[in-house]
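Residue numbers (our numbering), protein chains in the order written: chain A, 1 to 220; chain B, 221 to 440.
Every residue, glycine too, gets a C-beta built ideally from N, C-alpha and C.
On a predicted model such as this, the values are computed, not experimentally measured, just so you know.
The structure under discussion appears below in the form of structure tokens.
2 protein chains.
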Amino acid sequence: MDIIDLKIRDYKNAREAAFEKIKEAIIKGHFKPGEKLVEQTLAQEMGVSRTPVREAIRRLEAEGFVISIPRKGVVVSRADKEEIVQLYSIRAELEGLAARWAIENADEDDIQKLDEAISRMEETVASGDLDGVVQSNALFHDAIAQASKSRILCTLLKTLQDNIQRFRFQSLHLPGRPEAALAEHKEIIAAIKEKKAEEADRLLKEHLQNACAAALAHMK
Amino acid sequence: MDIIDLKIRDYKNAREAAFEKIKEAIIKGHFKPGEKLVEQTLAQEMGVSRTPVREAIRRLEAEGFVISIPRKGVVVSRADKEEIVQLYSIRAELEGLAARWAIENADEDDIQKLDEAISRMEETVASGDLDGVVQSNALFHDAIAQASKSRILCTLLKTLQDNIQRFRFQSLHLPGRPEAALAEHKEIIAAIKEKKAEEADRLLKEHLQNACAAALAHMK
DNA sequence: ATAGCGAATATTGTATCCTGGGTAGGTGAA
DNA sequence: TTCACCTACCCAGGATACAATATTCGCTAT
């Protein structure tokens, strides 16, 4: 089942590497919700001892990727439809806040990154490159978080996005959704550039609500 | 400096105990922002080995209480005035959301807990029991989170509250603030009971904005 | 055949050990 | 005096060893 290569390459330390690797495996769906993770096995696959693996697991636990049951083990956490909606809602609130702060704090570099994300998304939507669409979509949302200039908010949003992504409810896989998302992104960036805080906030929340709906519609 | 007793009592496992104990020491200000934490020392003070302490530290790191510098160690994290404001703002967004969800999902038990929190706050404000006020204030905010019936939101809010509390910017220490906070709580609970979602959201955000202002004013 | 029990095994939890990087403190030369 | 270098100690990172608990699997008795 080693579709994913857990072997460690060039990280500074083993626990950071273990954290990234395991998280990646969960996000990419190679470790599925409900699946049990055995420390020894993970350690062997990565060529390290259990110590760094355990530390990585504690962090994954704190970020909501796994659930640890004392003396029994850790399993990849599940989420029902309700929790998916909650994740999207919480993210919408915080990303709306990020947009408002971005209007106050963004510099030229941030705006440029937003523009780039839009351009890349235009290209990939036009060429039907779905992976590229997903990537440039992430780029756009990351750029908004970055532009808020709040380390705390960036961290929270990153964790939320990763937690949403791992359920593979790819809203962008619904026919027509990439085009709609692109249009919404354009509206959002326009509002940010015109420094219309309320409008940017509202548009972003609507955008994520649409994304959530598309994700749920596509999900089964 | 051992004002606080780090010794472990009746926890299920050492790492959970270590986590709680160290976090408590940070929140109560016995470990101050910028202070270095040495694994060996902590382990000895708690009568355990370094292993569970290290795992506890990884979780504290993920929750923002400490910052780890590779090969150097961990220090209790600092926050400037700007970050304090950010913490309050983020919390305000999420607690507003919690209030809206509480209106949809709260049961009689939740409402009763809210009422109890108000009663306790009335008593403690009247008697000038500041510790009691702080406690019943926390009770009120916890009750709102609980009533939202969202595990994810509860976890996020708890971490935010702890992170705010630890800077000892006790908004309630400003003269007149306990009375004002109580009045605001009453307005919020009224809005929740009348199922006025927009109003509850707005009142809660204003309440936390006032709390933030009071905290900053008191902090000097 | 199956339920209950018990030994063997697997896996987590904790302690200890080893190594190497980092730091402080001291010594000597400019 | 000051700066560079050297040394010795401290501490984090990681590996390994040991302990406690869960789980599995096979045996037995009904």
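Measuring straight from C-alpha to C-alpha, what distance separates Gly267 (chain B) and Arg235 (chain B)?
For the purposes of this step, residue 267 (chain B) is identified with residue 47 of the second sequence, where counting begins at 1. For the purposes of this step, residue 235 (chain B) is identified with residue 15 of the second sequence, where counting begins at 1. Near 12 Å, if we compare the C-alpha coordinates of Arg235 (chain B) and Gly267 (chain B).
How would you label Ser127 (chain A), buried or exposed, when you count the other beta carbons within 10 angstroms and need 16 or more for buried?
Mapped onto the first sequence, residue 127 (chain A) falls at position 127. Result: exposed.
Can you name, in chain order, every residue of its own chain whose Cβ lies under 8 Å from the Cβ of Gln146 (chain A), other than the five neighbours on each side?
The sequence position of residue 146 (chain A) within the first sequence is 146, counting from 1. Taking C-beta separations shorter than 8 Å and ignoring five residues to either side along the sequence, the partners of Gln146 (chain A) in its chain run Asp110, Lys113 and Cys154, following chain order.
Does the separation of the CB atoms of Ala62 (chain A) and Ala18 (chain A) fall below 8 Å?
Counting from 1 along the first sequence, the entry for residue 62 (chain A) is found at position 62. Counting from 1 along the first sequence, the entry for residue 18 (chain A) is found at position 18. Not a contact, by the Cβ cut-off of 8 Å.
List the residues of chain B whose Cβ lies closer than 8 Å to the Cβ of Ala102 (chain A), in chain order.
Counted from its first residue, the first sequence places residue 102 (chain A) at position 102. Within 8 Å Cβ-Cβ: nothing; Ala102 (chain A) doesn't reach chain B, min ~13 Å.
If you draw a straight line from the C-alpha of Glu20 (chain A) to the C-alpha of Gln170 (chain A), how long is it?
Against the first sequence, residue 20 (chain A) aligns to sequence position 20. Against the first sequence, residue 170 (chain A) aligns to sequence position 170. Between Glu20 (chain A) and Gln170 (chain A), the C-alpha separation is close to 21 Å.
Which of helix, strand or coil does DSSP assign to Leu394 (chain B)?
Counting from 1 along the second sequence, the entry for residue 394 (chain B) is found at position 174. In this structure, Leu394 (chain B) counts as coil in the three-state DSSP scheme.
Check whether Ala319 (chain B) and Asp382 (chain B) have beta carbons under 8 Å apart:
Translated into positions along the second sequence, residue 319 (chain B) becomes position 99. Translated into positions along the second sequence, residue 382 (chain B) becomes position 162. Taking 8 Å as the Cβ cut-off, Ala319 (chain B) and Asp382 (chain B) do not qualify as a contacting pair.
Going by beta carbon distance, what residues of the same chain come within less than 8 Å of Tyr88 (chain A), once the five residues before and after it are set aside?
Translated into the one-based positions of the first sequence, residue 88 (chain A) becomes position 88. Same-chain partners within the cutoff: Ile164, Leu208, Gln209, Ala211, Cys212 and Ala215.
What three-state label does DSSP hand Gly132 (chain A) in the structure shown?
The residue given as residue 132 (chain A) occupies position 132 in the first sequence. Residue state, collapsed to three classes: helix.
Glu96 (chain A), enclosing alpha helix (DSSP H) - first and last residue
Here the question's residue 96 (chain A) lines up with position 96 in the first sequence. Per the sequence presented here, residue 96 (chain A) reads as Gly, with Glu not at that position. Looking at the DSSP string, the run of the alpha helix (DSSP H) that includes Gly96 (chain A) is Lys81 to Asn105.
Check each candidate in A:Asp115, A:Leu97 and A:Lys195 and name the one with the smallest Cα separation from Leu157 (chain A).
Taking the first residue of the first sequence as 1, we reach residue 157 (chain A) at position 157. The residue with the shortest Cα to Cα distance from Leu157 (chain A) is A:Leu97.
For His405 (chain B) and Phe360 (chain B), which I take to be in contact (beta-carbon distance under 8 Å), what is that distance rounded to the nearest angstrom?
Locating residue 405 (chain B) in the second sequence gives position 185, counting from the first residue. Locating residue 360 (chain B) in the second sequence gives position 140, counting from the first residue. Indeed, because the Cβ distance is near 6 Å, the residues count as touching under 8 Å.
When Cβ atoms are compared, which residues of the stretch 279-296 of chain B fall closer than 9 Å to chain A?
Arg279, Leu280, Glu281, Ala282, Glu283, Gly284, Pro290 and Arg291
Looking at Ala312 (chain B): is its Cβ nearer than 8 Å to the Cβ of Lys425 (chain B)?
Position 92 of the second sequence, counting from 1, holds the residue named residue 312 (chain B). Position 205 of the second sequence, counting from 1, holds the residue named residue 425 (chain B). Result yes, Cβ atoms of Ala312 (chain B) and Lys425 (chain B) sit closer than 8 Å.
Less than 7 Å between C-beta atoms, sequence neighbours within five positions excluded: which residues of the same chain meet that for Thr344 (chain B)?
Looking up residue 344 (chain B) in the second sequence gives position 124. The answer, listed in chain order, is Gly352, Val353 and Ser356.
Please list, in chain order, all residues of the same chain as Asp73 (chain A) whose beta carbon is under 6 Å from its beta carbon, the five residues on each side excluded.
For the purposes of this step, residue 73 (chain A) is taken as residue 73 along the first sequence, with counting starting at 1. In the sequence under discussion, the amino acid at residue 73 (chain A) is Gly, which differs from the Asp named in the question. Cβ within range, chain order: Lys36.
In the structure shown, what three-state DSSP assignment does Val286 (chain B) receive?
The sequence position of residue 286 (chain B) within the second sequence is 66, counting from 1. Correct three-state label for Val286 (chain B): strand.
Member of B:Glu419, B:Lys232 and B:Pro398 whose CA lies at the smallest distance from the CA of Ile69 (chain A)
Here residue 69 (chain A) refers to the residue found at position 69 when the first sequence is read from its first residue. Nearest C-alpha to Ile69 (chain A): B:Lys232.
Pull up the distance between the alpha-carbon of Ala363 (chain B) and that of Arg166 (chain A), whole angstroms please.
Stepping through the second sequence from its first residue, residue 363 (chain B) is reached at position 143. Stepping through the first sequence from its first residue, residue 166 (chain A) is reached at position 166. Their Cα atoms are separated by approximately 30 Å.
Can you list the residues of chain A that Glu275 (chain B) reaches, using a CB-CB cut of under 9 Å?
Taking the second sequence and counting its residues from 1, one reaches residue 275 (chain B) at position 55. Near Glu275 (chain B) (Cβ distances below 9 Å), the residues of chain A are Arg54, Glu55, Ile57 and Arg58.
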